[in-house]
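Asks:
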Amino acid sequence: CSPERISHMSGVESLARDLVPPDRYSVETIRLLAWGHDMFRDLPGNSLLRLARYYGVVSQREEELHPVLLHGKVAASYLSNRFGIDNDVSKAIYWHVTGSAKMGELGEILMIADMGEEGREFPAAEEIRINAFIDRKKTVLDVIRFKMLWALEERRPLHNEIVCCWNHYLRRYLSDTD
2 CSPERISHMS GVESLARDLV PPDRYSVETI RLLAWGHDMF RDLPGNSLLR
52 LARYYGVVSQ REEELHPVLL HGKVAASYLS NRFGIDNDVS KAIYWHVTGS
102 AKMGELGEIL MIADMGEEGR EFPAAEEIRI NAFIDRKKTV LDVIRFKMLW
152 ALEERRPLHN EIVCCWNHYL RRYLSDTD
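Encoded structure:
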């Protein structure tokens, strides 16, 4: 990993540790979550596609066109196959790029920490950092929204998984606020 990637993963660990409810997850669990989520982020696209096929990850059209979208799924599959890590951590890592109704609490924490860690300098990052401690459910929704806005501004296709994730979390948020 590049020095920038290592710094990012360290920042993700720090923010995730702060976001985790007391006594819910071990330090080791949070460390694995943070350091595992981007372990394949810097691989070339053809390598990610090859690893996805090797681990049986079925790639979507958007992932074929932009293989970097596969880095979480490939990392989770690698950790599961190589080390037997097949739990909430692997599920969170698997879904951290697009999000999913299946990602669970650790997935929510990872998505927030990935976008909001201290090293992130874009305007939304500070908003995410602050709001994460006020209303995590709304912050997850904001992270998903910022990801979709970025894709639209860059004229990239929206992954169908992030659209489904948005719809799920929006329904959940609205039903909790009624």
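Numbers given in the working numbering equal positions in the sequence shown, counted from 1, plus 1. The C-beta atom is built at its ideal place from N, Cα and C for all residues, glycine as well. Here the structure is a predicted model, which is why all the values come from computation and not from measurement.
Under 7 Å Cβ to Cβ from Ala93, same chain only, skipping five residues before and after it: list those, please.
Replies: Locating residue 93 in the sequence shown gives position 92, where the first residue counts as 1. These residues qualify, in order along the chain: Leu34, Met104, Gly105, Leu107, Gly108 and Leu111.
Asks: From Phe147 to Ala125, what distance separates their C-alpha atoms?
Replies: Taking the first residue of the sequence shown as position 1, residue 147 is located at position 146. Taking the first residue of the sequence shown as position 1, residue 125 is located at position 124. Approximately 7 Å between the Cα atoms of the pair.
Asks: Under a three-way DSSP split, which group does Asp43 fall into?
Replies: Locating residue 43 in the sequence shown gives position 42, counting from the first residue. Three-state DSSP puts Asp43 in coil, outside helix and strand.
Asks: Taking the straight line between their C-alpha atoms, what separation do you get for Leu70 and Gly85?
Replies: On the sequence shown, position 69 is the one that residue 70 refers to. On the sequence shown, position 84 is the one that residue 85 refers to. Going by the C-alpha atoms only, they are around 23 Å apart.
Asks: Taking only the alpha-carbon atoms, compute the straight-line gap between Cys165 and Glu64 and give it to the nearest angstrom.
Replies: As a working note, residue 165 is residue 164 in the sequence shown. As a working note, residue 64 is residue 63 in the sequence shown. Their Cα atoms are separated by approximately 16 Å.
Asks: Counting C-beta neighbours from all protein chains within 10 Å, is the total for Glu122 16 or more, i.e. buried, or is it exposed?
Replies: To locate residue 122, count along the sequence shown from 1; it is residue 121. Exposed, because fewer than 16 other Cβ atoms sit within 10 Å of the Cβ of Glu122.
Asks: Sort Pro158, Asp177, Glu154 and Val144 by Cα distance to Trp167 and report the nearest one.
Replies: For the purposes of this step, residue 167 is identified with residue 166 of the sequence shown, where counting begins at 1. The option with the nearest alpha carbon to Trp167 is Val144.
Asks: Taking the straight line between their C-alpha atoms, what separation do you get for Val21 and Asp89?
Replies: To locate residue 21, count along the sequence shown from 1; it is residue 20. To locate residue 89, count along the sequence shown from 1; it is residue 88. Their Cα atoms are separated by approximately 14 Å.
Asks: Tell me which residue opens and which closes the alpha helix (DSSP H) that Glu119 is part of.
Replies: Numbered from 1 along the sequence shown, position 118 holds the residue referred to as residue 119. Where Glu119 is concerned, there is no enclosing alpha helix (DSSP H), given that its DSSP letter is neither H nor E.
Asks: Can Tyr170 and Leu153 be called in contact, C-beta distance under 8 Å?
Replies: In the sequence shown, counting from the first residue as 1, residue 170 sits at position 169. In the sequence shown, counting from the first residue as 1, residue 153 sits at position 152. No, they are not a contact pair.
Asks: Quick one: Cα of Gly46 to Cα of Met116, how far?
Replies: As a first step, residue 46 must be located in the sequence shown, where it is residue number 45. As a first step, residue 116 must be located in the sequence shown, where it is residue number 115. The straight-line gap from Cα to Cα measures roughly 22 Å.
Asks: Tell me whether the beta-carbon of Gly73 lies closer than 8 Å to the beta-carbon of Trp96.
Replies: The residue you call residue 73 lines up with position 72 of the sequence shown. The residue you call residue 96 lines up with position 95 of the sequence shown. Yes, these two residues count as a Cβ contact at 8 Å.
Asks: Ser78 to Arg32, Cα distance in whole Å?
Replies: Translated into positions along the sequence shown, residue 78 becomes position 77. Translated into positions along the sequence shown, residue 32 becomes position 31. The straight-line gap from Cα to Cα measures roughly 17 Å.
Asks: Cα separation between Asp43 and His160?
Replies: Counted from its first residue, the sequence shown places residue 43 at position 42. Counted from its first residue, the sequence shown places residue 160 at position 159. Rounded to the nearest angstrom, the two C-alpha atoms are 20 Å apart.
Asks: In the DSSP assignment, the alpha helix (DSSP H) including Leu20 goes from what residue to what residue?
Replies: As a working note, residue 20 is residue 19 in the sequence shown. Unbroken alpha helix (DSSP H) run through Leu20: Pro4 to Leu20.
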